[in-house]
Amino acid sequence: MTAETTTPPTAAPSQATGPLFYQQAVPLRSDEHATWRLLPETANFAADTNAIPAVIGEFGSLAQHYPIIFTGQDAMPLVAVGLSQRNLFVADGVWDEQSYVPAYVRRYPFVFMQAGEPDNYVLAVDAAAKQVNQGESEEGLPLFQDGKATELVDNAMRFCSDYTREHEHTRRFSAALIENDLLIDRNIDVTLADGRKMSVNGFQVVDVEKFAALPDETVVAWHRSGWLALVHHHLSSLARFSALVNRQSQVPAEA
57 MTAETTTPPT
67 AAPSQATGPL
77 FYQQAVPLRS
87 DEHATWRLLP
97 ETANFAADTN
107 AIPAVIGEFG
117 SLAQHYPIIF
127 TGQDAMPLVA
137 VGLSQRNLFV
147 ADGVWDEQSY
157 VPAYVRRYPF
167 VFMQAGEPDN
177 YVLAVDAAAK
187 QVNQGESEEG
197 LPLFQDGKAT
207 ELVDNAMRFC
217 SDYTREHEHT
227 RRFSAALIEN
237 DLLIDRNIDV
247 TLADGRKMSV
257 NGFQVVDVEK
267 FAALPDETVV
277 AWHRSGWLAL
287 VHHHLSSLAR
297 FSALVNRQSQ
307 VPAEA
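Adding 56 to a residue's 1-based position in the sequence shown gives its number in the working numbering.
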């Protein structure tokens, strides 16, 4: 998703070449990272983006706080968190306490990396993350003790395993949307409270008319798989664009 504003102009955010936020993911090893520690959590890493990847298992929670949209050739879902290259839900390193925090954000700085076979993964951490203390001090929680992974790493392993599984389910859902030709391109033009005009483009939504015209057998199959509910969560979430505009209106133009 990209955004442009007439007063003042802003650069379109990059959702880019590698996984969002991750700069230097390295597989965790007890010998190489025996002294590494994790510093207190901060959301500053997510402050300069307007969209966060989402998985279908959290659509119900996400829809209450953010617009859920789709983007790219694979129609992967994102939640919109800003109208310019700024996350309106992060302030002073803290995610808005009244809003659900996307799983993608909660996973960071950990991530699964493929190791050889397609279904073989190892736990990795973003070595460039500010939360990661590479042994410079005793500050933070240890990743390893006595050559064994700590509870922190075990929890990260389970979370990343669950996220990877949800990501695969999400890919199948997105593929079904494409196969049934349900997605259409959308752009929105908004006017903020102070008169600033902004355009948001580069995303897709489900076409309501095409969705209503799905064959009966597809409707039954999607009901049983839970996909019908996912589409309804997505469609209801689009009303959250109004709340996003209100948040953006509270940000001074010079910011």
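The beta carbon of each residue, even a glycine, is placed where N, CA and C say it ideally should be.
Are the segment 223-242 and the segment 172-186 touching, with three or more C-beta to C-beta distances below 8 Å? no
Given a threshold of 16 other Cβ atoms within 10 Å of its Cβ, counted over all protein chains shown, does Thr-105 qualify as buried or as exposed? Against the sequence shown, residue 105 aligns to sequence position 49. Thr-105 is buried by the Cβ-count criterion.
Contacts around Val-161, its chain only, beta-carbon distance under 8 Å, and the 5 residues preceding and following it disregarded: The residue labelled residue 161 in the question sits at position 105 within the sequence shown. Within the same chain, Val-161 has close Cβ partners Ala-99, Ala-102, Ile-108, Trp-151.
Quick one: what's Trp-151 bridged to in DSSP? As a working mapping, residue 151 is identified with position 95 in the sequence shown. Val-146, per the DSSP bridge assignment.
Cβ atoms of Val-261 and Ile-234: under 8 Å apart, would you say? Within the sequence shown, numbered from 1, the residue matching residue 234 stands at position 178. Within the sequence shown, numbered from 1, the residue matching residue 261 stands at position 205. The answer is no: Cβ separation not under 8 Å.
Buried versus exposed, by CB contacts within 10 Å (16 or more), Ala-309: Here residue 309 corresponds to residue number 253 of the sequence shown, with the count starting at 1. Exposed, since its Cβ has fewer than 16 Cβ neighbours within 10 Å.
Should Gly-138 be labelled buried (16 or more other beta-carbon atoms within 10 Å of its own) or exposed? The count along the sequence shown starts at 1 and reaches residue 138 at position 82. So Gly-138 counts as buried.
Comparing alpha-carbon positions, which option in Gly-203, Gly-258, Trp-283 lies nearest Asn-236? Here residue 236 refers to the residue found at position 180 of the sequence shown. That would be Trp-283, whose Cα lies nearest to the Cα of Asn-236.
According to DSSP, Arg-93 sits in a beta bridge with which residue or residues? Along the sequence shown, read from residue 1 onward, the residue named residue 93 stands at position 37. Bridge partners of Arg-93: Asn-189, Pro-198.
Buried or exposed for Glu-114, going by 16 or more other Cβ atoms inside 10 Å? Within the sequence shown, the letter at position 58 stands for residue 114. It counts as buried.
Give me the Cα-Cα distance between His-121 and Gly-203, rounded to the nearest whole angstrom. Numbered from its first residue, the sequence shown carries residue 121 at position 65. Numbered from its first residue, the sequence shown carries residue 203 at position 147. Those two C-alpha atoms are separated by around 42 Å.
Look at the alpha carbon of Gly-172 and the alpha carbon of Ala-119, and state the distance between them as a whole number of angstroms. Stepping through the sequence shown from its first residue, residue 172 is reached at position 116. Stepping through the sequence shown from its first residue, residue 119 is reached at position 63. For Gly-172 and Ala-119, the distance between alpha carbons rounds to 36 Å.
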